[in-house]
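Q: Take this structure, written in structure tokens, and hold onto it; I'll ask about it next.
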Amino acid sequence: MYKHFLSTLFLVAVASFQSLGQSYTMDIDLRKPGAPVNDTQYGIFFEDINFAADGGLYAELVKNRSFEYPDDALQGWKAFGKVTVLDDGPFDRNPHYVRLSDPGHPHKWTGLENEGFFGIGIKEGESYRFSVWARVPDGGTSELRAELVNPSSMSETHTLCRGKLEISGKEWKKYELVLKSDSTLDKAVLRLFLEDKRVTTDLEHVSLFPVDTWKGHQNGLRKDLAQALADLHPGIFRFPGGCIVEGTDLATRYNWKNTVGIVENRPLNENRWEYTFTYRFYPDYYQSGGLGFFEFFQLSEEIGSEPLPILSCGLACQFQNDDESAHVPVDDLQPYIQDAIDLVEFANGPVTSEWGRLRAEMGHPEPFNLKYIGIGNEQWGSLYTERLEPFVKAIRAACPGIRIVGSSGPGSEGEQFDYLWPEMRRIGVDLVDEHFYRPYDWFLSQGARYDNYDRKGPKVFAGEYACHARGAKWNHAYASLLEAAFMTGIERNADVVHMATYAPLFAHVEGWQWRPDLIWYDNLRSFRTVSWHVQELYGRFKGKNVLPLKMDGANVTGAEGQGGLFASAVQDSPRIYIKVANTSDEPREVSLNFTGLKKKDVVRAVEGIRLDCSDRMADNTLDAPHKVEPLGFPFKGEGRMLEASVPPLSFSVFIMTVQ
Ligand code: AHR
Numbered sequence: 206m207y208k209h210f211l212s213t214l215f216l217v218a219v220a221s222f223q224s225l226g227q228s229y230t231m232d233i234d235l236r237k238p239g240a241p242v243n244d245t246q247y248g249i250f251f252e253d254i255n256f257a258a259d260g261g262l263y264a265e266l267v268k269n270r271s272f273e274y275p276d277d278a279l280q281g282w283k284a285f286g287k288v289t290v291l292d293d294g295p296f297d298r299n300p301h302y303v304r305l306s307d308p309g310h311p312h313k314w315t316g317l318e319n320e321g322f323f324g325i326g327i328k329e330g331e332s333y334r335f336s337v338w339a340r341v342p343d344g345g346t347s348e349l350r351a352e353l354v355n356p357s358s359m360s361e362t363h364t365l366c367r368g369k370l371e372i373s374g375k376e377w378k379k380y381e382l383v384l385k386s387d388s389t390l391d392k393a394v395l396r397l398f399l400e401d402k403r404v405t406t407d408l409e410h411v412s413l414f415p416v417d418t419w420k421g422h423q424n425g426l427r428k429d430l431a432q433a434l435a436d437l438h439p440g441i442f443r444f445p446g447g448c449i450v451e452g453t454d455l456a457t458r459y460n461w462k463n464t465v466g467i468v469e470n471r472p473l474n475e476n477r478w479e480y481t482f483t484y485r486f487y488p489d490y491y492q493s494g495g496l497g498f499f500e501f502f503q504l505s506e507e508i509g510s511e512p513l514p515i516l517s518c519g520l521a522c523q524f525q526n527d528d529e530s531a532h533v534p535v536d537d538l539q540p541y542i543q544d545a546i547d548l549v550e551f552a553n554g555p556v557t558s559e560w561g562r563l564r565a566e567m568g569h570p571e572p573f574n575l576k577y578i579g580i581g582n583e584q585w586g587s588l589y590t591e592r593l594e595p596f597v598k599a600i601r602a603a604c605p606g607i608r609i610v611g612s613s614g615p616g617s618e619g620e621q622f623d624y625l626w627p628e629m630r631r632i633g634v635d636l637v638d639e640h641f642y643r644p645y646d647w648f649l650s651q652g653a654r655y656d657n658y659d660r661k662g663p664k665v666f667a668g669e670y671a672c673h674a675r676g677a678k679w680n681h682a683y684a685s686l687l688e689a690a691f692m693t694g695i696e697r698n699a700d701v702v703h704m705a706t707y708a709p710l711f712a713h714v715e716g717w718q719w720r721p722d723l724i725w726y727d728n729l730r731s732f733r734t735v736s737w738h739v740q741e742l743y744g745r746f747k748g749k750n751v752l753p754l755k756m757d758g759a760n761v762t763g764a765e766g767q768g769g770l771f772a773s774a775v776q777d778s779p780r781i782y783i784k785v786a787n788t789s790d791e792p793r794e795v796s797l798n799f800t801g802l803k804k805k806d807v808v809r810a811v812e813g814i815r816l817d818c819s820d821r822m823a824d825n826t827l828d829a830p831h832k833v834e835p836l837g838f839p840f841k842g843e844g845r846m847l848e849a850s851v852p853p854l855s856f857s858v859f860i861m862t863v864q
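In the working numbering, the protein residues as written are 206 to 864.
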């Protein structure tokens, strides 16, 4: 009885000690650096979902610029006067154009107005390049007026700025002028007037870009959004998705060959996210292909990422197609396999090769040095493996050195996953793509996920992941904290997880189908979410080698008794970066105990950087883009043992140097 009383007393004492802020000792072994952290460790996943391409990163401001939207060639346009749509234009894969003719009265006008993507965002003092292909079919000259207009202005004039182009001759030619805006507006429209009403004039591929795009490219990208990618220092860049790779049917799969060459002749494609969710339905969502594979390779190079294209394996989306006839029969796969081989040639081939020549003509004679290719997105079952196999054989033969990524299906575990992993080993892919959009408890339970993975098999590409809280499936700090916690396990297991990309990347506030996402924007502004900051911290403090970090001999994975702590350590000699996520509501006092130091050496604290996620549901917004951001904090001390305070619900990076 007395013994029982004593042990109860002891337990109560332990419990109250813990609630007061128990001390935890993490042992970091500096004897020898562990596995190298891969250059590709953290990266980005781009898919044209949430108006990520047209209306997002791709800086084109005109919607349906080639009059090809299939339900209505004038979707996105308002026509006035006499406008007809014809289909024998100069670009065979986008054959439609408009004919503007005499409106029939000297006081009437013929012309068109484009609404842009949720309006056209223009900024005071910025210049916009308007371009159009045009001709005067009966010969002679004509004049076209282009205006940026504020249709809801109360001032005397709606016109914000204007310019005129003289169109001459029967041949199609490209015309350009620069419009300079003296005001800022998120929902302007582009208005075109046939200035000399009697001269019939044809227009095709009507385009408007900011002059100031990312790196100044004319077929360019929105600068703030591209910068938000560059600032992540992504090591790997997955493109173009996602389900969009597969298509709802094969006809609408992502075909890279349709996204290269002159932009005017890249055929329009349906976007599956137009109709995937009827509760967020966008009947005007198409892919112009303007942000295509050349632009992807170019951007990868500019932001220092390794490009990772994911291509169709001949299966249309398996979620949407039960019938096997929806897919390419295995015996007919050759054109799909050739597409993959040709893509490698487009990226890496000599300028004398068919596809290498096209790359050179597009302005990049040097190879892009592509090293990876993924075959299939979220595929499953033998339907997938029997298609993947011939791809792998053919790519190995034609493109030695290219590393191939296979899929483990749409789930983070379960029947399909369990079937596919051994199959990926058998087929001999280099990396296996795992996807997990999972709730809080999953992320909390997966800190040790990769600790016991097979070290000899294919490597892991955590190719799509984000914490999707039940009942709170939107961006918020607590979900981001759990992503940070989970990522300590990716970092610790850099020898097996070679790449990880959060998904999706982008979302337009007026055009999203899926959240959470990493970066949000409207037509003028953008903001980086707390999850973005988590990714940024991992990218910035990536280190070169993993360091073993243990608590009572065990990895720090949020396991029972570890006080909700997740931790990992890396070294970029002489620097050491220790990442600690405290997922509990209690502060934690952590002693960092360094072993294996040379006799003369000590560890000196340099600084700390912390993301405070204690306001669990908070995140940044367009109006408050800097609400939750990492902040520096003093972290001091020198010796073989350093003391670190870790507030509740926070993610910290402790920076130290060995000297
Ligand atoms: O990221 C959004 C979608 O999630 C991707 O298209 C798909 O691969 C996954 O199911």
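Each residue gets a CB set at the ideal place from its N, CA and C atoms; glycine is no exception.
What residue range is occupied by the uninterrupted beta strand (DSSP E) comprising Thr346?
A: In the DSSP assignment, Thr346 falls within the beta strand (DSSP E) that extends over 346 to 354.
Q: Tell me the residue span of the beta strand (DSSP E) that contains Leu752.
A: 750 to 752
Q: Three-state secondary structure (DSSP) at Ala849?
A: strand
Q: Is Ala240 closer than 7 Å to Val751 when the C-beta atoms are compared?
A: yes
Q: Residue range of the beta strand (DSSP E) that Ala339 falls in?
A: 332 to 340
Q: Could you please give the first and the last residue of the uninterrupted alpha helix (DSSP H) stretch that includes Lys804?
A: Run containing Lys804: none; DSSP gives neither H nor E here.
Q: With DSSP collapsed to three states, give me the class of Phe856.
A: strand
Q: Determine the extent of the beta strand (DSSP E) in which Thr289 is found, giving its start and end residues.
A: 287 to 291
Q: Going by the beta-carbon positions, is the gap between Thr706 and Gly344 smaller than 7 Å?
A: no
Q: Please go through the same chain and pick out, in chain order, the residues whose beta-carbon is closer than 6 Å to the beta-carbon of Gln776, but skip the five residues on each side of it.
A: Around Gln776: Pro238, Gly748, Asn750, Leu752.
Q: Is DSSP giving Leu214 helix, strand or coil here?
A: Its pLDDT being 41, under 50, Leu214 is placed unreliably in this model, and the value from its coordinates should be taken loosely. It is helical.
Q: Quick one: which unbroken beta strand (DSSP E) runs of 3-plus residues sit fully inside the stretch 749 to 803? Chain order, please.
A: 750 to 752, 770 to 777, 780 to 787, 793 to 800
Q: Beta carbon of Asn582: closer than 6 Å to some heavy atom of the ligand AHR?
A: yes
Q: How many whole angstroms separate the CB atoms of Tyr645 and Tyr670, which I take to be in contact at a CB cut-off of 8 Å?
A: Not really, about 14 Å apart at Cβ, beyond 8 Å.
Q: Does Asn476 pass the burial test, meaning 16 or more other C-beta atoms within 10 Å, or should it be called exposed?
A: buried
Q: Given a threshold of 16 other Cβ atoms within 10 Å of its Cβ, counted over all protein chains shown, does Ala699 qualify as buried or as exposed?
A: By the neighbour-count criterion, in which a residue is buried when 16 or more other Cβ atoms sit within 10 angstroms of its Cβ, Ala699 is buried.
Q: Please indicate yes or no: does the CB of Glu639 lie closer than 6 Å to some heavy atom of the ligand AHR?
A: no
Q: Beta-carbon separation of Val535 and Glu591 under 7 Å?
A: yes
Q: Thinking just about the alpha-carbon of each residue, which of Ser819, Tyr263, Gly768, Asn760 is nearest to the one in Asp429?
A: Tyr263
Q: For the beta strand (DSSP E) that contains Ala674, what are its first and last residues?
A: Note, Ala674: premise wrong, no beta strand (DSSP E); not H, not E.
Q: In whole angstroms, what is the alpha-carbon distance linking Val404 and His422?
A: Roughly 34 Å between the two C-alpha positions.
Q: Anyone know if the C-beta pair for Ser685 and Val735 falls short of 7 Å?
A: yes
Q: With distances taken from CA atoms, which of Ala258, Gly316, Glu715 is nearest Gly446?
A: Ala258
Q: At the level of alpha carbons, what is the spacing between Gly316 and Asp824?
A: A straight line joining the alpha-carbon of Gly316 with that of Asp824 spans about 44 Å.
Q: Got a sec: does the ligand AHR put a non-hydrogen atom nearer than 6 Å to the Cβ of Glu252?
A: yes
Q: Counting C-beta neighbours from all protein chains within 10 Å, is the total for Pro311 16 or more, i.e. buried, or is it exposed?
A: exposed
Q: Taking buried to mean at least 16 other C-beta atoms within 10 Å of its own C-beta, is His831 buried or exposed?
A: His831 should be labelled exposed.
Q: Beta-carbon separation of Asp391 and Gly324 under 7 Å?
A: yes
Q: Which residues in the same chain have their Cβ closer than 7 Å to the Cβ of Pro415, if we skip the five residues on either side of it in sequence?
A: Here Pro415 has Ala264, Glu331, Tyr333 as same chain residues with Cβ atoms under 7 Å from its own Cβ, once five neighbours each way along the sequence are excluded.
Q: State yes or no: is the C-beta of Leu382 within less than 7 Å of the C-beta of Leu395?
A: no
Q: Straight-line CA distance for Glu500 to Gly619?
A: 37 Å
Q: Is the beta carbon of Val288 sitting closer than 7 Å to the one on Phe272?
A: no
Q: So which of Asp817, Met846, Gln740, Glu371 has the shortest CA-CA distance to Ile441?
A: It is Gln740 whose Cα lies nearest to the Cα of Ile441.
Q: When the Cα atoms are used, what is the spatial distance from Pro853 to Phe622?
A: For the pair Pro853 and Phe622, the Cα-to-Cα distance works out to about 35 Å.
Q: Label Asp297 either buried or exposed according to how many other C-beta atoms from any shown protein chain fall within 10 Å of its C-beta, with 16 as the threshold for buried.
A: The residue in question, Asp297, is exposed, as its Cβ has fewer than 16 Cβ neighbours within 10 Å.
Q: Okay, do the stretch 829 to 848 and the stretch 721 to 735 touch, 3+ Cβ pairs below 8 Å being the bar?
A: yes
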